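Sequential numbering of the sequence shown, starting at 10, is according to this note's numbering. Beneath this line is the structure, given in structure tokens, with notes to follow.
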Amino acid sequence: MRKEILDIIEDRQKQLVHNLKNALATYDSSTDLDEESTIDLDDLSHQADTQDLKNEMFQKLNMEEDDLKQIRTLRLREAEVVKEGAVIETKDAFYFVGFTFSPISHEDKKIFGLSLNAPAYQANKDKKKGDSLVLGNTETQIINIY
Numbered sequence: 010m011r012k013e014i015l016d017i018i019e020d021r022q023k024q025l026v027h028n029l030k031n032a033l034a035t036y037d038s039s040t041d042l043d044e045e046s047t048i049d050l051d052d053l054s055h056q057a058d059t060q061d062l063k064n065e066m067f068q069k070l071n072m073e074e075d076d077l078k079q080i081r082t083l084r085l086r087e088a089e090v091v092k093e094g095a096v097i098e099t100k101d102a103f104y105f106v107g108f109t110f111s112p113i114s115h116e117d118k119k120i121f122g123l124s125l126n127a128p129a130y131q132a133n134k135d136k137k138k139g140d141s142l143v144l145g146n147t148e149t150q151i152i153n154i155y
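Structural data, given as structure tokens:
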């Protein structure tokens, strides 16, 4: 089950990186403006705005690529307790401990990311199969940890 969940998370992250690279390629072509033949200040202003957006996207791409590397590193660490790299299974969801990401639907459950900086991680650190997983005001039993 661990491999299956991590494959889904990694595939989602690869797709995100791919989409950001494609978007950056699009912005590369739109920011390539010949300043000497352009007299309209609005065009130059638009080019500057587009360049700012491109820079933000480039930073986002770097962060997402770092997350992809982290997923690949963490997938080598199996766990029997709640710790970095663990995949926690509950009745309704899976939780990957290491960083946050948008929820992913998988069969009849969702997959969530749990940051090491989140209060929920600190509240559940070192818990084992059968213990209660506390997430805010919600409590659910840990079915398994991979």
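Cβ coordinates follow ideal geometry from the N, Cα and C atoms, glycine included. Fair warning: this is a prediction, and the values are worked out from it, not measured in the lab.
Taking the beta strand (DSSP E) that residue i belongs to, which residues open and close that run?
i: Ala102; result: Ala102 to Gly107
Report buried or exposed for residue i, applying the criterion of at least 16 other Cβ atoms within 10 angstroms of its Cβ.
i: Gly94; result: buried
i: Phe67; result: exposed
i: Leu85; result: exposed
i: Gln22; result: buried
i: Leu15; result: buried
i: Arg81; result: exposed
i: Leu125; result: exposed
i: Glu9; result: One cannot answer for residue 9 here, as it falls past the ends of the chain, which runs 10 to 155.
i: Asp61; result: exposed
Just confirm the distance between the C-beta atoms of residue i and residue j, as a whole number of angstroms; I'd bet it's less than 8 Å.
i: Val143; j: Glu73; result: Incorrect: roughly 29 Å between the Cβ atoms, too far for contact.
i: Ala132; j: Lys119; result: Actually they are not in contact, since the Cβ atoms of Ala132 and Lys119 sit about 20 Å apart, beyond 8 Å.
State the DSSP-derived secondary structure class of residue i, mapped to helix, strand or coil.
i: Ile152; result: coil
Task: Uninterrupted beta strand (DSSP E) stretches inside the segment 75-140 (no shorter than 3 residues) - done: 96-98, 102-107, 113-115 and 118-124
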